[in-house]
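Colleague:
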Amino acid sequence: MAEFIYGQSSKSARLATHPSSRTCSEGGCSTTLSIYNPSAYCWLHEPLTPRSRFSPKRRLTR
Ligand SMILES: [Zn+2]
Numbered sequence: 009m010a011e012f013i014y015g016q017s018s019k020s021a022r023l024a025t026h027p028s029s030r031t032c033s034e035g036g037c038s039t040t041l042s043i044y045n046p047s048a049y050c051w052l053h054e055p056l057t058p059r060s061r062f063s064p065k066r067r068l069t070r
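To convert, take the position in the sequence shown, counting from 1, and add 8; that gives my numbering.
1) In whole angstroms, what is the alpha-carbon distance linking residue 29 and residue 41?
2) Where DSSP assigns a beta bridge to residue 40, which residues make up the other side?
3) If we count the other Cβ atoms within 10 Å of its Cβ and call it buried at 16 or more, is residue 50 buried or exposed?
4) I'd like to know whether the C-beta of residue 25 is nearer than 7 Å to at least one C-beta of chain C.
5) Where does residue 57 fall in DSSP's three states?
6) Drop a sphere of 10 angstroms on the beta-carbon of residue 37, count the other beta-carbons inside from all chains shown, and report buried for 16 or more, exposed for fewer.
This is the structure we're talking about:
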């Protein structure tokens, strides 16, 4: 516990940022990830992105 309280003094230097030299984990993708991006993939290959599906709405209207 003592170490945890002691570490709070340097909280400003411990923001939730990530190394700036990371690239997308997708094979063949060399997109540099943002330091604020917690994901291992870029926005294009982010599996949690609903836009990646881009499913068109089919209303079956002929
Ligand atoms: Zn990617």
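For each residue, glycine too, the CB sits at the ideal point set by N, CA and C.
Modeller: From the atom records:
1) To locate residue 29, count along the sequence shown from 1; it is residue 21. To locate residue 41, count along the sequence shown from 1; it is residue 33. Answer to the nearest angstrom: the Cα atoms are 8 Å apart.
2) In the sequence shown, the residue the question calls residue 40 occupies position 32. Under DSSP, residue 40 forms a beta bridge with 31.
3) Position 42 of the sequence shown, counting from 1, holds the residue named residue 50. It counts as buried.
4) In summary, chain C is missing from the structure at hand, where a single protein chain is found.
5) Walking along the sequence shown from the start, residue 57 turns up at place 49. Because residue 57 carries a pLDDT of 49, less than 50, the predicted location of this residue cannot be relied on, and no value is offered for it.
6) One-based indexing of the sequence shown puts residue 37 at position 29. Result: exposed.
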